[in-house]
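All residue numbers for the sequence shown refer to this note's numbering, where the first residue is 24 and numbers rise by one.
For glycine and all other residues, C-beta sits at the position ideal for the given N, C-alpha and C.
Every value quoted in this text rests on a predicted model; they were computed, and no experiment measured them.
Some notes on the structure that comes next.
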Amino acid sequence: GLACAKTLCEAGADVRVLERSGDVGGRVRSDVVDGFILDRGFQVFLTQYPEARRVFDYERLDLREFIPGALVQLDDKRHLVGDPFRRPQDLPAGALAPVGSLIDKATVALFSLKQVAQVPEDIFAKPDMSTDSFLRDELGLSDVMIDRFFRPFYQGIFLAPLEEQSSRMFEFVFNMFAIGAAALPSKGMGEVPRQLEQALPPGTVETGVTVTAVAPREVRCQSAVDGKRGLLRKRVATRVIESDAVVIAAERPALEDISGCAEVGGTEAGRASTALYFAIDGPPPIEAPVLLLNGRNRLASGASSDAPTVNNVCFPSSVAPAYAPAGKSLVSVTIVGSPPQDDAELEASVRKQLAAWFGADEVRDWRFLRSYRIQYAQPTQAEARGSAFARDARLPSGLYRCGDHTSSPTLNGALESGRMAAEAVLADLAARRE
């Protein structure tokens, strides 16, 4: 929605953004708890995303990069799988890591090298299949390489078994990692939507506004206002805003509560993710800015993913120091899905798993900060596989739509859908004036 508003404002349109919550960003937001910056679910910023490069001022975001590749946890040992082209110093460790054969690693290295000559348009023009099939049949990788590296890595990105992921999305994101970097803004992922908001004219965004109904030329909404004669009690005010065009930028589940959104469509099913954050007094057990994968975590296609198994661990303050107060460290733990356990049970289960990785004495002293259970962390890919991910922004009624549920389940897809919706609005408004 903010990307759509930015494009419209740059074209000279008078825009109003109505945000239901108290702040902008949707799922891309950050909270500050006891001086720690907690992103609402573990997220990274891929610097090579085409839309991100078009929209953001990277210098202002002050991006801090991860080391290319990842550490893989196998029982009580960790093994580095790196990028031999950008970090040749990691080549010996990667060659010896029990994460696939030397042939597997040479195949992946060659595939990575070929990404320099590929552009996203070429990738999305390819025939689609499951990522699992692509890795096995197209690249010829072994079960060990797939299960110990690609499975936990891409489960953490797309929150689904490889059998339910699109090979085009796999290759697109692989391309982004191979050419660019994974990073964190120095002050948290919440800085991403904040920069978009700051690019809009003052007063464009209204927060705390609940949209109840939409039509092609008007929006009905409610917001809390102060009571009459200085009474402290708030009252709900209903108003109708008329406009030349209405763009629906709410995430897919929220559309159920808005009258007039039945035709919006998009990918209805979603993927869940759970994040837990812990505070450490002192340095983290891994001080390098690198992601740690659970090389034993395999999601089964079509099966429940409710078991609270750690998929990946990150120490964000090792990447961007401002994520934690001076002298302290932040731990981010990701579980794919939404476990049925309550917070206390979930924390205990996670601590038990992490104790096997880092030692019981170490983990016992970690202080639990907060958990986030994101039921709709991103749309599924199943409905879009075999067809174009990007859907038309125009709806038959005259409304417009954007969001990752109408595009690919990435930040790039969300930004692109916003720009495309704005361009459709501008083209149609121009045609009306002719």
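Ends of the alpha helix (DSSP H) at I146?
Segment 143–147, the alpha helix (DSSP H) holding I146.
Does DSSP put D160 in a helix, in a strand, or in coil?
Helix at D160.
Along the chain, where does the alpha helix (DSSP H) containing V78 start, and where does it finish?
73–78
Quick one: residues in its chain with C-beta nearer than 8 angstroms to the C-beta of I146, no 5 flanking neighbours on either side, listed in chain order?
R191, E194, F195, N198
When DSSP builds the beta bridges, which residues end up paired with Q245?
T233, T261
So L299 and V386 are in contact, right, with Cβ under 8 angstroms, and what is the actual spacing, rounded?
About 12 angstroms separates the two Cβ atoms, so there is no contact after all.
V333 versus A343, P339, S340, L322, residue with shortest Cα-Cα distance
L322
Taking buried to mean at least 16 other C-beta atoms within 10 Å of its own C-beta, is K375 buried or exposed?
exposed
Where P432 falls, given that 16 or more other Cβ within 10 Å makes a residue buried:
Buried: at least 16 other Cβ atoms inside 10 Å.
Skipping 5 residues on each side, what residues in its chain have a beta carbon closer than 6 angstroms to that of R243?
Contacts found: T235, A236, V263.
8 angstroms contact criterion, which L422 and V269 should meet: CB distance rounded:
6 angstroms
Tell me the DSSP bridge mates of N317?
Answer by DSSP bridge pairing, in chain order: Q96.
In three-state terms, what does DSSP make of F65?
coil
Would you report the Cα separation of R43 and P208, rounded to the nearest angstrom?
Pairing R43 with P208, the inter-Cα distance amounts to about 25 angstroms.
Decide if A247 is buried, meaning its Cβ has at least 16 other Cβ atoms within 10 Å, or exposed.
exposed
On the premise that F89 lies in contact with V342, defined as a C-beta separation below 8 angstroms, what is that separation, rounded to the nearest angstrom?
6 angstroms
Below 8 angstroms on the Cβ atoms is my contact criterion, and I expect A295 with A400 to pass it. Report the Cβ-Cβ distance as a whole number of Å.
6 angstroms
According to DSSP, is F108 part of a helix, a strand, or is it coil?
coil
Return yes when the Cβ of E229 is within less than 8 angstroms of the Cβ of L25, no when it is not.
No, Cβ-Cβ distance for L25 and E229 is not below 8 angstroms.
Start and end residues, beta strand (DSSP E) containing Y399:
Its beta strand (DSSP E) spans residues 390–402.
Measure from the alpha carbon of E241 to the alpha carbon of each residue in A28, S420, G436, A34, then state which is nearest.
S420
Roughly how many angstroms separate the alpha carbons of L15 and V356, rounded to a whole number?
No answer is possible for residue 15: it lies beyond the span of the chain, which begins at 24 and ends at 457.
Tell me the DSSP secondary structure of E42 in three-state form.
strand
Ordered along the chain, which non-local residues of its own chain (more than five positions away) have a Cβ less than 7 angstroms from that of A222?
K29
Nearest-angstrom Cα distance between D365 and L133?
45 angstroms
For R414, three-class secondary structure by DSSP
coil
Leaving aside the five residues before and after D451 along the sequence, list all residues of the same chain whose C-beta is less than 8 angstroms from its C-beta, in chain order.
For D451, where only same-chain residues beyond five positions count, the Cβ hits under 8 angstroms are A268, R417.
Where the beta strand (DSSP E) containing G24 begins and where it ends
Premise fails: G24 is in no beta strand (DSSP E) and is neither H nor E.
As assigned by DSSP and simplified to three states, the class of V167
helix
Would you call the stretch 173–185 in contact with the stretch 136–146, where contact means no fewer than 3 C-beta pairs closer than 8 angstroms?
no
What separation, rounded to the nearest whole angstrom, lies between the Cα atoms of D155 and Y177?
11 angstroms
Look up A453 in the DSSP assignment and say whether it is helix, strand or coil.
In the structure shown, A453 falls within a helical segment according to DSSP collapsed to helix, strand and coil.
Sequence-distant residues of its chain with Cβ nearer than 8 angstroms to P107 (five each side left out):
For P107, where only same-chain residues beyond five positions count, the Cβ hits under 8 angstroms are D113, L114, G117, A132.
How big is the Cα-Cα spacing for K210 and V47?
16 angstroms
Just to confirm before moving on: does the CB-CB distance between S53 and M152 stay below 8 angstroms?
No, they are not a contact pair.
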